[in-house]
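Residue numbers (the numbering used here): 17 to 102.
Idealized CB from N, CA, C, for every residue including glycine.
Working notes, beginning with the structure itself.
This is how it looks when you write it as structure tokens:
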């Protein structure tokens, strides 16, 4: 049964690896952060931390991961700019 899906998995992996490193991180880091936050806190744990609205851990993790990737890219741009100036 899994042999039927193996070509699709290989094609998806090759397509993913063709992207630049930044795009690969943009796709994978929010997922990893969401999984980590779900495992560490749980879905309702964020609602018990003082918020009136339940914030799902997968959503908070995805937003956090996105922010981390953007800040990392901004840091790379700043570092390259400083090398050019100095």
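Taking the alpha-carbon positions, what's the residue i to residue j distance?
| i | j | result |
| --- | --- | --- |
| residue 81 | residue 50 | 8 Å |
| residue 22 | residue 76 | 32 Å |
| residue 54 | residue 20 | 32 Å |
| residue 25 | residue 32 | 10 Å |
| residue 29 | residue 40 | 11 Å |
| residue 87 | residue 44 | 15 Å |
| residue 72 | residue 79 | 11 Å |
| residue 89 | residue 47 | 18 Å |
| residue 91 | residue 56 | 28 Å |
How far does the alpha helix (DSSP H) with residue i in it extend, from its first residue to its last?
| i | result |
| --- | --- |
| residue 102 | Element bounds for residue 102: n/a, residue is neither H nor E. |
| residue 33 | 18-33 |
Determine the DSSP secondary structure at residue i, reduced to helix, strand or coil.
| i | result |
| --- | --- |
| residue 57 | coil |
| residue 72 | coil |
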